[in-house]
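Asker: Residue numbers (this note's numbering): 374 to 676.
Structure, rendered in structure tokens:
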């Protein structure tokens with residue numbers, strides 16, 4: 374009986390215990406990968422502890438799924454998040470504002486510390502993203518989707534113009550990468566984590582661009598375009614990091630060529646997306662203006 378209880382406690386430890394062990398085992402694993410050989414005692418213990426924590430979490434998966442199902446059924450906040458598109462978009466926009474601002478301040482600090490225009494370019498890019506998101510979020514606070522279509526079209530067109538100007542920041546970043554051979558170097562584990570984040574963000578940005586078309590809200594579409602633009606630059610940064618970390622055998626010329634091709638392709642996509650937004654919004658605004666004039670003429674004629 375004691376063995377059974379001990380085995381159950383070992384395989385199904387309390388959630389609080391797992392929550393405490395998870396960051397500790399992860400920190401030990403990273404520390405072992407950075408500073409210890411793979412066959413050292415510390416590395417073996419770190420791998421074993423991480424494997425145990427992962428196994429314990431796997432045994433908890435059915436209970437975790439059941440908990441979240443019950444949470445979704447009972448939680449009013451979750452229902453609002455799922456059903457209220459305006460609330461969801463506004464929350465993500467403000468979250469993006471905070472995230473972009475924090476990252477811009479970080480890059481600005483690096484720019485002053487190292488005296489590098491490279492970091493100033495990144496800071497300018499991300500602070501522009503933050504201002505653009507705040508510009509759209511302010512509209513969603515006061516208006517429902519499609520409630521003021523003319524104002525939304527104007528903001529949609531303005532977003533296109535800003536994205537077109539942001540292509541200048543992107544060009545500076547690509548220029549530094551290629552001409553001065555400025556690259557990012559990270560540990561393999563950090564690079565893999567960056568890859569997982571970047572591909573997830575890129576996939577979600579594409580899915581959201583398609584999904585939010587059904588709401589016929591230019592502001593929502595503009596917010597998705599911003600996410601796609603940010604994901605494209607993250608993809609470029611990830612490529613630079615992976616070529617530096619894993620592509621030493623290919624050489625410097627190959628790295629510069631790949632960065633130039635990818636940067637050029639992303640820049641072209643930026644320009645195409647921006648021009649599409651500007652042309653589409655301008656056309657719809659012109660039609661709306663003509664409709665208003667015709668309606669006014671008919672109204673005056675009826676008088």
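We put the beta carbon where it would ideally sit given N, CA and C, even for glycine.
Would a C-beta distance cut-off of 7 Å place residue 646 and residue 526 closer than the cut-off?
Answerer: Taking the first residue of the chain shown as position 1, residue 646 is located at position 273. Taking the first residue of the chain shown as position 1, residue 526 is located at position 153. No.
Asker: With a 10 Å radius around its C-beta and 16 neighbouring C-beta atoms as the bar for buried, classify residue 612 as buried or exposed.
Answerer: What you label residue 612 is simply residue 239 of the chain shown in a count that begins at 1. When all chains shown are included, residue 612 counts as buried.
Asker: So, are the CB atoms of residue 529 and residue 595 less than 7 Å apart?
Answerer: Taking the first residue of the chain shown as 1, we reach residue 529 at position 156. Taking the first residue of the chain shown as 1, we reach residue 595 at position 222. The answer is yes: Cβ separation under 7 Å.
Asker: Just how far apart, CA to CA, sit residue 592 and residue 480?
Answerer: Numbered from its first residue, the chain shown carries residue 592 at position 219. Numbered from its first residue, the chain shown carries residue 480 at position 107. Taking the straight line from one Cα to the other gives about 28 Å.
Asker: For residue 536 versus residue 466, is the C-beta spacing smaller than 7 Å?
Answerer: Sequence index remark: in the chain shown, residue 536 carries index 163 (1-based). Sequence index remark: in the chain shown, residue 466 carries index 93 (1-based). In this structure, residue 466 does not lie closer than 7 Å to residue 536 by Cβ.
Asker: Tell me whether residue 515 sits in a helix, a strand or coil according to DSSP, three-state version.
Answerer: Stepping through the chain shown from its first residue, residue 515 is reached at position 142. Three-state DSSP puts residue 515 in a helix.
Asker: DSSP state of residue 482, grouped into three classes?
Answerer: The residue given as residue 482 occupies position 109 in the chain shown. If DSSP states are grouped into helix, strand and coil, residue 482 belongs with the helices.
Asker: Where does residue 488 land, buried or exposed, given buried means 16+ other C-beta within 10 angstroms?
Answerer: If you number the chain shown from 1, residue 488 lands on position 115. When all chains shown are included, residue 488 counts as exposed.
Asker: Can you tell which of 640, 404 and 394 has its C-alpha closest to the C-alpha of residue 430?
Answerer: Mapped onto the chain shown, residue 430 falls at position 57. For residue 430, the nearest C-alpha among the options comes from 394.
Asker: In angstroms, rounded to a whole number, what distance separates the CA positions of residue 632 and residue 638?
Answerer: As a position in the chain shown, residue 632 is number 259, starting the count at 1. As a position in the chain shown, residue 638 is number 265, starting the count at 1. One C-alpha to the other measures close to 10 Å.
Asker: What separation, rounded to the nearest whole angstrom, lies between the Cα atoms of residue 507 and residue 589?
Answerer: Taking the first residue of the chain shown as 1, we reach residue 507 at position 134. Taking the first residue of the chain shown as 1, we reach residue 589 at position 216. If I take the Cα positions, the gap works out to 20 Å.
Asker: Suppose you measure from the CA of residue 443 to the CA of residue 614; what does that come to, to the nearest Å?
Answerer: To locate residue 443, count along the chain shown from 1; it is residue 70. To locate residue 614, count along the chain shown from 1; it is residue 241. Going by the C-alpha atoms only, they are around 41 Å apart.
Asker: Kindly indicate which three-state DSSP category residue 589 falls into: helix, strand or coil?
Answerer: Reading the chain shown from its first residue, position 216 is the one you call residue 589. Of the three classes helix, strand and coil, the one that applies to residue 589 here is coil, per DSSP.
Asker: State buried or exposed for residue 605, treating a residue as buried only when at least 16 other CB atoms are found within 10 Å of its CB.
Answerer: Taking the first residue of the chain shown as 1, we reach residue 605 at position 232. By the 10 Å Cβ count, residue 605 comes out buried.
Asker: Taking residue 515 as the reference, which of 463, 406, 540 and 636 has the closest Cα?
Answerer: Within the chain shown, numbered from 1, the residue matching residue 515 stands at position 142. Among 463, 406, 540 and 636, the Cα nearest to that of residue 515 belongs to 463.
Asker: Report the option in 599, 416 and 654 whose CA atom is closest to the CA atom of residue 469.
Answerer: Position 96 of the chain shown, counted from the first residue, corresponds to residue 469. Per the Cα distances, 599.
Asker: Would you report the Cα separation of residue 577 and residue 597, rounded to the nearest angstrom?
Answerer: Residue 577 sits at position 204 when you count from the first residue of the chain shown. Residue 597 sits at position 224 when you count from the first residue of the chain shown. The alpha-carbon atoms of residue 577 and residue 597 are separated by roughly 10 Å.
Asker: Mapping DSSP to helix, strand and coil, what is residue 448?
Answerer: Here residue 448 is taken as the residue at index 75 of the chain shown, counted from 1. It is coil, neither helix nor strand.
Asker: Starting from residue 544, trace the alpha helix (DSSP H) both ways and give me its first and last residue.
Answerer: Along the chain shown, read from residue 1 onward, the residue named residue 544 stands at position 171. Note, residue 544: alpha helix (DSSP H), 522-552.
Asker: Quick one: using the 10 Å Cβ neighbour count with 16 as the cut-off for buried, is residue 656 buried or exposed?
Answerer: For this step, residue 656 is matched to residue 283 along the chain shown. With fewer than 16 Cβ atoms within 10 Å of its Cβ, residue 656 is classed as exposed.
Asker: Give me the residue from 473, 483, 485 and 490 with the minimum Cα distance to residue 503.
Answerer: One-based indexing of the chain shown puts residue 503 at position 130. Ranking 473, 483, 485 and 490 by Cα distance to residue 503 puts 473 first.
Asker: For residue 395, report the span of its alpha helix (DSSP H) as first-last.
Answerer: Along the chain shown, read from residue 1 onward, the residue named residue 395 stands at position 22. Segment 388-408, the alpha helix (DSSP H) holding residue 395.
Asker: Quick one: give me the first and last residue of the alpha helix (DSSP H) that residue 423 is part of.
Answerer: Counting from one through the chain shown, the residue named residue 423 turns up at place 50. Where residue 423 is concerned, the enclosing alpha helix (DSSP H) stretches over 414-432.
Asker: Between the alpha carbons of residue 415 and residue 421, how many angstroms are there, rounded?
Answerer: Here residue 415 refers to the residue found at position 42 of the chain shown. Here residue 421 refers to the residue found at position 48 of the chain shown. Each residue's Cα considered, the two are about 10 Å apart.
Asker: Looking at C-alpha atoms only, which residue of 385, 497 and 533 is the closest neighbour of residue 649?
Answerer: Within the chain shown, numbered from 1, the residue matching residue 649 stands at position 276. With distances taken between Cα atoms, residue 649 lies closest to 533.
Asker: Could you tell me if residue 641 is buried or exposed, where buried requires 16 or more neighbouring beta carbons within 10 angstroms of its beta carbon?
Answerer: As a first step, residue 641 is located in the chain shown; it is residue number 268 there, counting from the start. It is exposed - the Cβ of residue 641 has fewer than 16 other Cβ atoms within 10 Å.
Asker: Any idea what DSSP makes of residue 411, helix, strand or coil?
Answerer: Counting from 1 along the chain shown, the entry for residue 411 is found at position 38. Residue state, collapsed to three classes: coil.
Asker: Go through its chain and collect everything with a Cβ distance to residue 523's Cβ below 8 Å, but skip five positions before and after it.
Answerer: Taking the chain shown and counting its residues from 1, one reaches residue 523 at position 150. Cβ neighbours of residue 523 beyond the five flanking positions: 658 and 661.
Asker: Could you tell me the alpha carbon to alpha carbon distance between residue 433 and residue 387, rounded to whole angstroms?
Answerer: Here residue 433 refers to the residue found at position 60 of the chain shown. Here residue 387 refers to the residue found at position 14 of the chain shown. Those two C-alpha atoms are separated by around 10 Å.
Asker: Run the CB neighbour count on residue 405, radius 10 Å, all protein chains shown included, and call it buried at 16 or more, exposed below.
Answerer: As a working note, residue 405 is residue 32 in the chain shown. Per the 10 Å Cβ criterion, buried.
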